[in-house]
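One structure below.
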Amino acid sequence: TYLRVFVSSIRLTAQAMLVGAGVILLLLCLLSLQQAWNNEGAFKIDKAGLAASIRGDIAAALQQALEHGKQLARASADQAANATVTAVGLATGQGSAASSDQELDSSAER
Numbered sequence: 009t010y011l012r013v014f015v016s017s018i019r020l021t022a023q024a025m026l027v028g029a030g031v032i033l034l035l036l037c038l039l040s041l042q043q044a045w046n047n048e049g050a051f052k053i054d055k056a057g058l059a060a061s062i063r064g065d066i067a068a069a070l071q072q073a074l075e076h077g078k079q080l081a082r083a084s085a086d087q088a089a090n091a092t093v094t095a096v097g098l099a100t101g102q103g104s105a106a107s108s109d110q111e112l113d114s115s116a117e118r
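FYI, the numbering for the sequence shown is 9 to 118, going by our numbering.
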């Protein structure tokens, strides 16, 4: 019995009706949003408040990105300094223990 329902034309008609209803609901939602944007209809959108909120969110995101960039720059500078100390230590023939002591001293100074 399920196979007959699956291949029947009634199933296709029902699916077409569901798709049509979905399209109609989508159009009505878009129309309601457009009316709210124009301060008409049942709902209203505070454009000034929305714009200020978006600007505030963007400013906060930019500030967070700036702080993260500064943090990455500090970490990169520390790694470069440690690599330089290690390279100088290896070039002068000091052991790895002396090199790691210098790294600890240089990182403690910062």
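Every residue, glycine too, gets a C-beta built ideally from N, C-alpha and C.
Residue environment, residue i, which counts as buried when at least 16 other CB atoms sit within 10 Å
i, result
"residue 97", "buried"
"residue 27", "exposed"
"residue 93", "buried"
Close-in-space but distant-in-sequence residues of the same chain around residue i (CB under 8 angstroms, 5 per side omitted)
i, result
"residue 58", "none"
Under 8 angstroms between C-beta atoms of residue i and residue j
i, j, result
"residue 61", "residue 49", "no"
"residue 44", "residue 53", "yes"
7 angstroms Cβ shell around residue i - same chain, five flanking residues per side excluded
i, result
"residue 67", "none"
Nonlocal neighbours in the same chain, by C-beta distance under 6 angstroms from residue i, ignoring five residues either side
i, result
"residue 51", "44"
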